[in-house]
Amino acid sequence: MRFNLRWKMALIGVLPLVFYVFSGIYSLTELVQVNKTMSDEVYGVSARSTSLILNADRDLYQAYSAYQYLAFGELNEEGAKVWNDVFSENLKEAEDRVNEAKAIFEANKLLEYHSGDGSATIGQLVQDFDADFKAWSSFASGELQSGKAAAKDAEIHEKYEKARTGLDDLFNLLDSYAKQQIEDSNEQLASTKTGNYIGMGIATLLLAALIYYLIRSVMKTVSAVKTRTRLVAEGDLTAERNVKYSKDELGDSLRSVDEMIGVLKRLITSISTNAKHVADSTSQLNIVSQESSTASQHVAANIQEVTSGTEVQARSAEETAKAIDEMAIGIQRLAENTSASAEQSASTAIEAGEGQEALGRLIKQMGEIKEVIGQLAVMIETLENRSQQIGSIAENITAFANQTNILSLNASIEAARAGEQGRGFAVVAGEIRKLAASSLESAGSIHQLVAETRGEIAGASGYMARTLEEVQRGNSRVEELQNRLSVIVAAIDTMTGQLQENSAITEQMSASSEEVNASMDQAASSAAANLERTESVAAATEEQLALMESLASAASQLDGVARELTREVNYFKVN
Numbered sequence: 006m007r008f009n010l011r012w013k014m015a016l017i018g019v020l021p022l023v024f025y026v027f028s029g030i031y032s033l034t035e036l037v038q039v040n041k042t043m044s045d046e047v048y049g050v051s052a053r054s055t056s057l058i059l060n061a062d063r064d065l066y067q068a069y070s071a072y073q074y075l076a077f078g079e080l081n082e083e084g085a086k087v088w089n090d091v092f093s094e095n096l097k098e099a100e101d102r103v104n105e106a107k108a109i110f111e112a113n114k115l116l117e118y119h120s121g122d123g124s125a126t127i128g129q130l131v132q133d134f135d136a137d138f139k140a141w142s143s144f145a146s147g148e149l150q151s152g153k154a155a156a157k158d159a160e161i162h163e164k165y166e167k168a169r170t171g172l173d174d175l176f177n178l179l180d181s182y183a184k185q186q187i188e189d190s191n192e193q194l195a196s197t198k199t200g201n202y203i204g205m206g207i208a209t210l211l212l213a214a215l216i217y218y219l220i221r222s223v224m225k226t227v228s229a230v231k232t233r234t235r236l237v238a239e240g241d242l243t244a245e246r247n248v249k250y251s252k253d254e255l256g257d258s259l260r261s262v263d264e265m266i267g268v269l270k271r272l273i274t275s276i277s278t279n280a281k282h283v284a285d286s287t288s289q290l291n292i293v294s295q296e297s298s299t300a301s302q303h304v305a306a307n308i309q310e311v312t313s314g315t316e317v318q319a320r321s322a323e324e325t326a327k328a329i330d331e332m333a334i335g336i337q338r339l340a341e342n343t344s345a346s347a348e349q350s351a352s353t354a355i356e357a358g359e360g361q362e363a364l365g366r367l368i369k370q371m372g373e374i375k376e377v378i379g380q381l382a383v384m385i386e387t388l389e390n391r392s393q394q395i396g397s398i399a400e401n402i403t404a405f406a407n408q409t410n411i412l413s414l415n416a417s418i419e420a421a422r423a424g425e426q427g428r429g430f431a432v433v434a435g436e437i438r439k440l441a442a443s444s445l446e447s448a449g450s451i452h453q454l455v456a457e458t459r460g461e462i463a464g465a466s467g468y469m470a471r472t473l474e475e476v477q478r479g480n481s482r483v484e485e486l487q488n489r490l491s492v493i494v495a496a497i498d499t500m501t502g503q504l505q506e507n508s509a510i511t512e513q514m515s516a517s518s519e520e521v522n523a524s525m526d527q528a529a530s531s532a533a534a535n536l537e538r539t540e541s542v543a544a545a546t547e548e549q550l551a552l553m554e555s556l557a558s559a560a561s562q563l564d565g566v567a568r569e570l571t572r573e574v575n576y577f578k579v580n
């Protein structure tokens, strides 16, 4: 499946976002697990200490039962010794269990815990129990040794109940502590989860909106540039320029492309107009040449008649005068046509010069097009640098994941050393290793995506190279047009010289006709001279006819060049 630039940019933005959301959800899951582990640990601490307190209470009760047997039972020496051992052993076990529970309280910093409202702390309850326990045990032991235990049973029982009441209070406070810790932990977990979900939702929406805006802005400009350059390569210059451009390098590039198309459109329009003018001028010149050729043929025929009638000049003087008048009219018309041709040739030369200037501007604009394409190439190189930076970030993520994995391994080792106390931390360290492995896999995906993006950027660079080839091809066509226009200018210069020569010959013919008309009164005496003049006029007429045929050929060639120029210009669509 082939992804375009839009999808790849979207993936570059969305993949870290998805990874962020996944990490947040996974962290919340781990937080729930940690909370459960903490709850289990709290229950464990409470259960162990409660079990010790309950066992201490049982030992205390058994010690009191042994005291009852010793105080009121009828025991022999051996029986008294047995119950005295039971009494002493239970007292010691009760004291040891309370001291062990106290060590647990100190290890978990629970000695200062209380249920509120000025109630006693765990440490105070332990101290009170120690005092009451020692008071009861020492008093009971002393009375048993003195043999007065039965007499002071009520006082001993009161001290015993006071010591047991301390254990009951301690048991109830421990149960309250466990419930309160679990409730606080659950409330904090719920608050944290709500805050994290809201934060992830807001961050996801903001990042998604930002990614969408950036992709839309970049792709809009890239698509516009791509469409315009493709239309220019196809010869279509009708693309409308934007009303507003973004204030960045992409906007500047799009503005330059639009300005280039505008200048190129005006240039092609000017060339097309000048080509039409050249075609019209060559058509008129062709008509004038044909009329001049016809007039020259008519003059030649008249001169031939004058030559033939020179021998009978006397008899045909009136007819010769009429022929000379017709010849003068033809020469006048020829002079007018020659003058019009000269003016049209000058106008054509001016338009051809303007065409050359327009082609020069077109060549300059082609150079600006190359510069714009060079800027686009620089932008593509910038995109490649950005992709390299993203790759560097992915490498940093990989390094961070590796370090996290090492740290989690060290944490697992430390948790293993801690034994039962570090079991929950070992579970968290294992989950962190899984998260580090997931981070490594995501970093690999980012590496692959960056590599594909670099390939797409290389494709865009190839497209820019093809666009540059199209611009160079257009530049070659413009240079070909310039060469053909140079041929037109040379042909116009040749035609102008011929028209000037025709004008001189026409003036000479006019002067000759005036001389012929002036010598009609002396026709008889100047027949020989008149014959020579008519032969001179005939030769000049034949030369004029040859020049007119050359002029017609040049006009035809100029018309062909104008048609070729029009066909080349019509490759571009400007309307």
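Numbers given in the working numbering equal positions in the sequence shown, counted from 1, plus 5. Cβ coordinates follow ideal geometry from the N, Cα and C atoms, glycine included. Note that this is a predicted model, so its numbers are computed, not measured.
So, with DSSP's three-state summary, where would you put D241? Correct three-state label for D241: strand.
Quick one: using the 10 Å Cβ neighbour count with 16 as the cut-off for buried, is V383 buried or exposed? Classification for V383: exposed.
Look up R235 in the DSSP assignment and say whether it is helix, strand or coil. In this structure, R235 counts as helix in the three-state DSSP scheme.
Between I292 and the rest of its own chain, which residues show a CB-CB distance below 6 Å, the 5 nearest in sequence each way excluded? Taken in chain order, the list of residues that qualify is empty.
Have a look at R366, L414, A441 and L290 and flag the residue whose alpha-carbon is nearest the alpha-carbon of A431. Selection R366, L414, A441 and L290 evaluated against A431 yields L414 as nearest (Cα-Cα).
Measuring CB to CB, does L179 end up less than 8 Å from S54? Yes, the Cβ-Cβ distance between L179 and S54 is below 8 Å.
Between which two residues does the alpha helix (DSSP H) harbouring G147 extend? Counting along the chain, the alpha helix (DSSP H) containing G147 begins and ends at I127 to S151.
Spatial neighbours of W141 within its chain, please: CB distance less than 6 Å, with the 5 preceding and 5 following residues excluded, ordered by chain position. Hits under 6 Å: K164, Y165 and A168.
By the three-class DSSP mapping on this structure, what secondary structure does Y118 have? In the three-state DSSP reduction, Y118 falls in the coil class, being neither helix nor strand.
Close beta carbons around E475, own chain, < 6 Å, minus the five adjacent residues each side: Cβ within range, chain order: A238.
Per-residue burial, D611 [other beta carbons within 10 Å of its own, 16 or more giving buried]: With the chain running from 6 to 580 in the structure shown, residue 611 is simply not present.
Under 8 Å between the Cβ atoms of M371 and N480? Using a Cβ distance threshold of 8 Å, M371 and N480 count as a contacting pair.
Among A560, L570, A456 and E554, which residue has its Cα nearest to the Cα of Q302? Of A560, L570, A456 and E554, the residue nearest in Cα terms is E554.
Report the CB separation of A85 from L96 in whole angstroms; it is logged as a contact under 8 Å. Not confirmed; about 16 Å, so no contact.
Cα-Cα separation, A582 to V433: Since the first residue of the chain shown is 6 and the last is 580, residue 582 is not available in this structure.
Going by DSSP in three states, D253 sits in which element: helix, strand or coil? In the three-state reduction of the DSSP assignment, D253 falls in the coil class, being assigned neither a helical nor a strand state.
Any idea what DSSP makes of N247, helix, strand or coil? Coil.
What's the C-alpha gap between N89 and Y66? Straight-line Cα distance between these residues: approximately 14 Å.
Touching by the beta-carbon criterion (3+ pairs, under 8 Å), the stretch 497-506 and the stretch 255-262: Touching, no, given that fewer than three Cβ pairs across the two stretches are closer than 8 Å.
Take the Cβ of T387 as the centre, count every other Cβ of all protein chains shown within 10 Å, and call the residue buried at 16 or more, exposed below. When all chains shown are included, T387 counts as exposed.
Would you call the CB atoms of E348 and V283 closer than 8 Å? In this structure, the beta-carbon distance from E348 to V283 does not fall below 8 Å.
Compute the beta-carbon to beta-carbon distance between L473 and I378, rounded to the nearest angstrom, for a pair I have assumed lies under 8 Å. Indeed they touch by this definition, with Cβ atoms about 5 Å apart.
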